[in-house]
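Okay, so here's the structure we're looking at.
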Amino acid sequence: MDQETSCGFAALVGAPNAGKSTLLNQLVGAKVSIVSRKAQTTRAQVRGIAVDGPAQIVLVDTPGIFKPKRKLDRAMVASALSGAADADVVALLVDARKGVDEEVEAIMKQLAETKAPKILVLNKVDIVAREKLLALTAKLNEMETFEETFMVSALNGDGVADLLCALGRRMKPGPWLYPEDQLSDAPLRLLAAEITREQIYERLHDELPYQSTVETDSWTNQKDGSARIEQTIYVARDGQKKIVIGEGGKTIKAIGAAARREIAEAAEQKVHLFLFVKVRENWAEDPERYREMRLDFPKGG
Ligand SMILES: Nc1nc2c(ncn2[C@@H]2O[C@H](COP(=O)(O)OP(=O)(O)OP(=O)(O)O)[C@@H](O)[C@H]2O)c(=O)[nH]1
């Protein structure tokens, strides 16, 4: 008997660092979004594609919603909210260790205006005591109507199968949007740029990761099956270029080696990666850079 297929969108919203990217990767079963200990790593809107039985769930990992100051921040917030508005279900992810703070309160206010069904997901339960989880569940359910509450560890996968099933149940009958073996809608070029950016977050500190961006300039599949990829790391100041390159090229070599391994794994082919560093003072004011990240350039100011 053929089961009737269903398909739809699930938006993951939550404060920076709540674990959205980790959860998305766990639901999809593969790495499609970059994870970092630093907040606001997710910039581009990346969709992961998960399957639960007859249901295909297109997961939208939205950049953490926060109080936007810079233009790039505003573009990310706009993208997060539009992701939630179009979804069949919105999952609010809350870092259970942090609980309800200013950021969560601000998101709850915005969620109140979203018509899509909402579910609550308490994350990081591996490091939080049970009593605290129950109290937090009660508190959040008082603030907003959630159809269901889940407790998960995006890190070790606990509770994620139940959540996947709940998302699957909320998909609408209809054909799948993507082929069954597709895991992400991001073109490999974008994914490759995100992987290199993740390495910058891993290895460099302070403002630098936030003031840099990575673009894949070319991707050439060669006769021997390998790919030759050229990427540019854009930084805001000359001093930052020196830091990214490091003494005798040490830092950029390490970034390149680690990124090459991960890109090769994602693309399932041998990769030759060439990295360039350029100073582009006002990249955050340049609409073209936003298009590359699939964000709309915010209008005005
Ligand atoms: N202990 C624990 N840590 C987690 C869990 N889920 C995520 N983390 C960690 O929390 C940090 C943030 O995770 P991300 O997945 O990048 O968070 P995000 O919400 O996508 O962050 P933004 O990109 O800022 O929006 C990382 O260091 C993760 O390893 C969890 O279930 N348990």
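Residue numbering for the sequence shown follows full-length UniProt numbering, beginning at 1 and increasing consecutively.
For each residue, glycine too, the CB sits at the ideal point set by N, CA and C.
Given the structure is predicted, the values throughout are model-derived calculations rather than measurements.
Kindly indicate which three-state DSSP category Tyr178 falls into: helix, strand or coil?
coil
Same chain only: Cβ atoms within 8 Å of Lys172, ignoring 5 sequence neighbours per side
Ser6, Cys7, Gly8, Asp88
Under 7 Å, Cβ to Cβ, is there at least one residue of chain D near Gly174?
Note that chain D does not occur in the displayed structure, where there is just one protein chain.
Heavy atom of ligand 1 less than 6 Å from the Cβ of Gly157, yes or no?
no
At 4 residues or longer, what runs of the alpha helix (DSSP H) sit wholly inside the region 87-144?
102-111, 130-143
Separation of Ala236 from Arg203, as counted between CA atoms:
17 Å
For Ser21, which of helix, strand or coil comes out of DSSP?
helix
DSSP three-state label for Leu204, please.
coil
Going along the chain, which residues of its own chain have a beta-carbon closer than 7 Å to the beta-carbon of Leu177, five neighbours each way excluded?
Cys7, Gln56, Val58
Just to confirm, does Ile255 get its C-beta within under 6 Å of one of the non-hydrogen atoms of ligand 1?
no
If we count the other Cβ atoms within 10 Å of its Cβ and call it buried at 16 or more, is Asn141 buried or exposed?
exposed
What separation, rounded to the nearest whole angstrom, lies between the Cα atoms of Ala154 and Pro54?
23 Å
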